[in-house]
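Chemist: Got a structure here, written out as C-alpha cells. Questions coming.
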Amino acid sequence: MSEGQLERLLRIIRDMGLLAHRTTQDAPCESERQARLLLVLGQIVGMADRVLDDDGAWGP
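Each residue of the sequence shown is one higher than the last, beginning at 7 in the numbering used here.
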C-alpha cells in the first residue's frame with residue numbers, strides 16, 4: 007500500500023466516522039441506530055476496497 011493510499015483511507019475513515027455519528031444521533035430507537043451504522047460501515051468498506059483496488063492489494 008502506498009503512502010497516498012494510506013492517507014486516502016485515513017481520510018475516508020475519519021469522514022465516515024463523522025457521518026456515522028451524525029446519522030445515528032437522531033435515530034428514534036436502538037435498532038434504527040444500528041441499521042444506520044451498518045449502512046455507513048458498508049460504505050466505508052466499499053470505499054476502502056476501491057482505494058486499494060488500484061494496485062490489487064485488496065479484493066478480487
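The beta-carbon is built from N, C-alpha and C at its ideal position, and this holds for glycine as well.
Buried or exposed for Val57, please, with buried defined as at least 16 other CB atoms from any protein chain shown within 10 angstroms of its CB.
Modeler: The residue in question, Val57, is buried, as its Cβ has 16 or more Cβ neighbours within 10 Å.
Chemist: Would you report the Cα separation of Asp32 and Gly10, rounded to the nearest angstrom?
Modeler: Answer to the nearest angstrom: the Cα atoms are 34 angstroms apart.
Chemist: Considering Ser37, what are the terminal residues of the alpha helix (DSSP H) in which it resides?
Modeler: First-last of the alpha helix (DSSP H) with Ser37: Glu36 to Leu58.
Chemist: Between which two residues does the alpha helix (DSSP H) containing Asp21 stretch?
Modeler: Start and end: Glu9 to Gln31.
Chemist: With 16 as the cutoff for other CB atoms within 10 Å, does Ala26 come out buried or exposed?
Modeler: By the neighbour-count rule (16 or more Cβ atoms within 10 Å), Ala26 is buried.
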